[in-house]
Amino acid sequence: MKNLKNLLSLFLIIFISVSIVSCDDDDDDDKMPVEMKNTVADFVVANQANYSSLLAALQKANLVETLKGTGPFTVFAPDNAAFSAFLANAGFANLDAVPVDALTQILLNHVVQGDVRSNDLGTGYISSLSTATPNGNKMSMHINTANGVLINGTSKVVNADNIVDNGVIHLVDKVIGLPTIVTIATADANFSTLVAALTRNDQPDFVATLSTANGTNPAPFTVFAPTNAAFGDLLTELNAPNLAAIDGATLTATLTSHVVAGANVIASQLTDNMTVTTLGGDITANISGGATLTDANGRISKIIATNVQTSNGVIHVIDKVVLPYIEPTTNNIADFVVANQANYSNLLAALQKADLVETLKSAGPFTVFAPNNAAFSAFLSDAGFANLDAVPVDALIQILLNHVIMGDVRSTDIETGYVSTLSTATPNGKKMSMYIEKTSVVKINGMSMVTNADNVVDNGVIHLVDKVIGLPTVVTFATSNANFSTLVAALTRNDQPNFVATLSTANGTNPAPFTVFAPTNEAFGNLLTELNAPNLAAIDAATLTATLNSHVVAGANVIASQLSDNMTVTTLGGNITANVTGGAKLTDANNRNSNIIAYDVQASNGVVHVIDKVILPALN
């Protein structure tokens, strides 16, 4: 009975209290702020036996009320021993000797906005409330959770997750000073190779320089910091076994190429084609498609992390080491020709006249088919030139470029088929095609044979050939590819017009250029079956002429991308219709469909597309 009376009394008290609050709400809609009884500041006061120095510092910096606020805050709290060590190391006799502004920023560097428990922390960067930075932005803090929680490489969490009303407190064993560029570099294990390079005995005192306080020349700094993986890739690129293999001068020039002095350049200040002047020379920043840096050698480094802000500068993390300008390799294609000019003096003279020597010294990589002196002599004689001087420069340039393929193509990579050379002496300015036939030997455009393959140089590979590779016509491609032997037999049959002469007409001379739809041998075989003809000879001359004409468009170099659905294509033998939906095909006057199975074999006087069925003129 007594318990029941007590319960009724308690209910009555609660009811009256609620009624009073309700009446107050009716009189005043403003809500009173919730008073926090156990804040970060209260925790420090309650534990001042070990944290009296922290309490005194907070009082001096007028931050006690801040840490009584709603927050939430995450505070890394150093104990008395940590403060004593900090004061001694910083040369302060006591806390009173520390300037208030500096003390305020140091204390704010222990505070992170938000309630971050220990299980929320991961290795990486967060921002403290300190703004003692060159641009007034928040200071970065490096967290390493590999073995407990380590802050900026020095301060260790010794007691985590002390929960209060306005956040959480993690107790630490050292004061977290305002970090410099050097602090972050040494704290982050991803920069251990960079630190090893900066501190190598034969290097300038980079540590002292990059520790310079903001406001003192040459601070502040912008540092593009390569990761360990970036340095590993550099060693591979330079074919160096380790960092020690890089000479002192080169290493110094490399490291200074990552540092901008006198500027704290954050990521949002970078722009496209922006010249960035480092201590080692100019590099170029771009931001479209992702922020990158291009060094003096055209090598591109991606910026993979940005705006690690310190007290004396900012760090951006990059995935490739920036290099100072390096003289081009001395074992390039041009050097090979020079070194072997006893047999290749004509090629060297031609490259010099065409002003292509520097091109073949560049990075490439290139694959070059190099004709010897005998090949050049035969070419000049066959072409009616008395000597190399008699060859027009523009023509010579294109002929030489017709011996060059972009990329490093070794003999083991070569397969029968078409590739593109660097020559653009074509009706549309597109790259010239080259037909390579690989059997027991490698033959190019049906005439030039590789006699010595895989002469490897730094910027590519050279295959020596026995003939100059002239600019091919559509006839060249028909005669060089064994898949067109029946087509060639038809074109050259005695009772036919001189198709070879016509289709060899140079571009710019009527009726060139040409678009040729070339049927394969199999397509001709299927035609003979379709016509119930035993062989090609069984097709009468007029029908054969009309048939062959139906595969040639005169006066146009029509590449595959120019074809469209229901497009009328006017050949020398009449109109056919092109369609591209579902795969490119041609429909002749008899509604027979030919599939285009290979396209854009580009010659100097036209283009060839390969088809799987012979086109026929209108048949009765």
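The sequence shown begins at 422 in this note's numbering and counts up by one.
Using N, Cα and C, we set each Cβ at its ideal position, and we do this for glycine too.
Just to confirm my understanding: we take residue i, look at its own chain, exclude 5 residues before and 5 after, and list those with CB closer than 8 Å. What are they?
i	result
residue 466	476
residue 620	627 and 628
residue 662	656
Quick check: residue i and residue j, are their CB atoms within less than 9 Å of each other?
i	j	result
residue 592	residue 581	yes
residue 877	residue 789	no
residue 823	residue 870	no
residue 474	residue 505	yes
residue 1029	residue 899	yes
residue 1038	residue 995	yes
residue 897	residue 1024	yes
residue 526	residue 503	no
residue 941	residue 965	no
residue 508	residue 515	yes
residue 864	residue 799	no
residue 562	residue 597	yes
To the nearest angstrom, how far is it from the Cα of residue i to the Cα of residue j?
i	j	result
residue 462	residue 695	48 Å
residue 821	residue 906	28 Å
residue 610	residue 829	37 Å
residue 587	residue 464	11 Å
residue 902	residue 943	13 Å
residue 570	residue 499	14 Å
residue 698	residue 704	6 Å
residue 496	residue 634	25 Å
residue 895	residue 875	29 Å
residue 955	residue 949	7 Å
residue 551	residue 458	26 Å
residue 529	residue 687	22 Å
residue 760	residue 719	27 Å
residue 548	residue 618	28 Å
residue 946	residue 913	18 Å
residue 1043	residue 560	Residue 1043 lies beyond the range of the chain shown here (422 to 1041); nothing can be said about it.
residue 402	residue 692	It is not possible to answer for residue 402, since the shown part of the chain is limited to 422 through 1041.
residue 762	residue 843	23 Å
residue 501	residue 471	6 Å
residue 827	residue 841	8 Å
What does a CB cutoff of less than 7 Å around residue i pick up in its chain, not counting 5 residues either side in sequence?
i	result
residue 974	935, 936, 990, 991 and 992
residue 700	677, 680 and 682
residue 927	933 and 1026
residue 734	555, 602, 640, 641, 642, 643, 644 and 685
residue 673	624 and 625
residue 986	1000, 1001 and 1002
residue 866	855, 856, 890, 893, 897 and 901
Taking the beta carbon of residue i as the centre, do at least 16 other beta carbons fall within 10 Å, making it buried, or is it exposed?
i	result
residue 793	buried
residue 1026	buried
residue 480	exposed
residue 614	buried
residue 650	exposed
residue 1041	exposed
residue 532	buried
residue 802	exposed
residue 522	exposed
residue 543	exposed
residue 723	exposed
residue 1022	buried
Can you list, in chain order, the residues of its chain whose CB lies under 6 Å from that of residue i, leaving out five sequence neighbours each side?
i	result
residue 738	646, 725 and 726
residue 1019	1031
residue 519	513
residue 837	858 and 859
residue 818	775
residue 885	791, 872 and 873
residue 1009	997, 1036 and 1037
residue 767	794 and 797
residue 487	none
What does residue i pair with, by DSSP beta-bridge criteria?
i	result
residue 1015	1007
residue 547	562
residue 580	592
residue 921	Its beta-bridge partners do not exist; DSSP assigns none.
residue 869	865
residue 597	According to DSSP, which records beta bridges pairwise, residue 597 is partnered with nothing at all.
residue 856	839
residue 680	644
residue 991	996
residue 707	713
residue 1030	938
residue 736	644 and 729
residue 722	714
Between residue i and chain B, is there a C-beta pair that is closer than 9 Å?
i	result
residue 499	Given the protein chain composition of this structure (a single chain), no chain B is represented.
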